[in-house]
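Below is one structure, written out as structure tokens; comments come after it.
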Amino acid sequence: MKRRNFLAVGLLLASNFSAITSAQAQVSSMGEAINKSGRQRMLSQRMAKAYLQIGLEVDLEKSKKILDLSLSNFDRQAVELRAFAPTPEIKSALLEMEKTWSSYKELLVGKVANKQDAKAILSLSEEMLRMNDSITTQLEKHAGTSNGQLVNLAGRQRMLSQRMAKYYQAAQWGLMPADGSAKLEAARKEFIASMNTLSKAPINNTRIKEELEMAQQQWLFFDNAIKQTEDSKGRNMAATNVATTSERLLEIMDKVTNLYQQISG
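Spelled out as structure tokens, the structure:
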């Protein structure tokens, strides 16, 4: 795909995903709680990815928009999840996560993107992921249904798309952690295995099957993009390809997660 097509698609996706994440203003069911908590998990990685892209000046205006939207969505959903929290333990975990969120958010806003802050952001993005993944798992266990497990699994695919892109962009900026390549490959293998699990889910209806097929096709584009190792002249285009394909994959997997949520109630 030509660069201008990637850019056009990316601009559309930023708008589409904003509409998706703003569609619901409160949590009204366990399925929705798992979905939104899983989305927080994804946003922890998406914000780091966007920050790195801003530092790299990769698709700059869209990356700024993605970061701004992700910040506002995370803030809103944190309030919604805290209000819904079905157990004291989950509410306590949410309150503890919000303390780390405050530190993470402070690094993400207010200053020009720089490598020193980027290193701290990469570290905190891991802690934010750990905490939000734990909360999502607690919600899934509280729901106690196989459908809730599918909401979590599909939602986790959203996070993995952003996690892989995050590490790719970190490498482009010379900030890849010592274990970053191994974590990227682990995320890649997990994504492939989970797609196989989702494709075999007995509750899949025609719409879910169609969206999963689209996700599989988009995965091929994204997987090819993260394998690119361009020289300095082609580096920006390669990083832009990763930026745009990761957003497309995210959008499709968000649709799949929402469809599983509708079934789970």
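Using mature numbering (1 follows the signal peptide of the UniProt record, and there is no 0), the letters of the sequence shown correspond one by one to residues -25 to -1, 1 to 240.
Ideal Cβ positions, reconstructed from N, Cα and C, are used throughout, including at glycine.
Among the options, the one whose alpha carbon lies nearest that of residue i
i      : options                          : result
Gly6   : Ser221, Glu186 and Ala129        : Ala129
Asn233 : Gln132, Ala68 and Gly85          : Gln132
Ala60  : His117, Arg182 and Ala140        : His117
Ala218 : Ser4, Lys11 and Leu31            : Leu31
Met228 : Ala162, Ala176, Gln193 and Thr75 : Gln193
Asp108 : Gln124, Ala95 and Ala214         : Gln124
Ser78  : Ser156, Asp92, Asn180 and Ala58  : Asp92
Lys94  : Pro152, Glu102 and Ile41         : Pro152
Arg14  : Ala53, Leu159 and Asn89          : Ala53
Leu187 : Asn10, Val231 and Lys90          : Val231
Glu160 : Met72, Glu185 and Asp198         : Asp198
Glu222 : Pro63, Ser12, Ser174 and Lys37   : Lys37
Lys202 : Gln144, Asn180 and Ser4          : Gln144
Beta-carbon proximity of residue i to residue j, cut-off 9 angstroms
i      : j      : result
Gln28  : Leu18  : no
Met170 : Gln191 : yes
Ala23  : Leu70  : no
Thr111 : Arg51  : no
Val33  : Thr204 : no
Ala200 : Thr220 : yes
Lys164 : Ser174 : no
Integer Cβ distance of residue i from residue j, believed to fall under 8 angstroms
i      : j      : result
Leu44  : Val84  : No, Leu44 and Val84 are not in contact; Cβ-Cβ is about 13 angstroms, not under 8 angstroms.
Val126 : Tyr235 : 5 angstroms
Thr120 : Glu102 : Rounded, the Cβ-Cβ distance is 29 angstroms, inconsistent with contact.
Gln113 : Ala176 : Wrong, their Cβ atoms sit about 22 angstroms apart, outside the cutoff.
Ala146 : Gly155 : 7 angstroms
Residues near residue i in its chain [Cβ-Cβ closer than 7 angstroms; skip 5 each side]
i      : result
Ile238 : Asn122 and Ile178
Gln20  : Ser100, Leu104, Met134, Gln137, Arg138 and Lys141
Glu55  : Gln1, Val2 and Lys11
Met72  : Met106, Asn107 and Ile110
Beta-carbon proximity list for residue i, same chain, < 8 angstroms, skipping 5 on both sides
i      : result
Lys39  : Ala25 and Ile29
Met189 : Ile227
Lys66  : Arg57 and Ala60
Trp148 : Leu27, Gly30, Leu31, Lys90 and Ala93
Arg182 : Leu234
Ala157 : none
Where residue i falls, given that 16 or more other Cβ within 10 Å makes a residue buried
i           : result
Glu115      : buried
Ala8        : buried
Leu224      : buried
Gln1        : exposed
Asn10       : buried
Glu81       : exposed
residue 261 : Because the chain spans -25 through 240 in this model, residue 261 falls outside it and cannot be assessed.
Asn48       : buried
Close-in-space but distant-in-sequence residues of the same chain around residue i (CB under 6 angstroms, 5 per side omitted)
i      : result
Phe196 : Thr220
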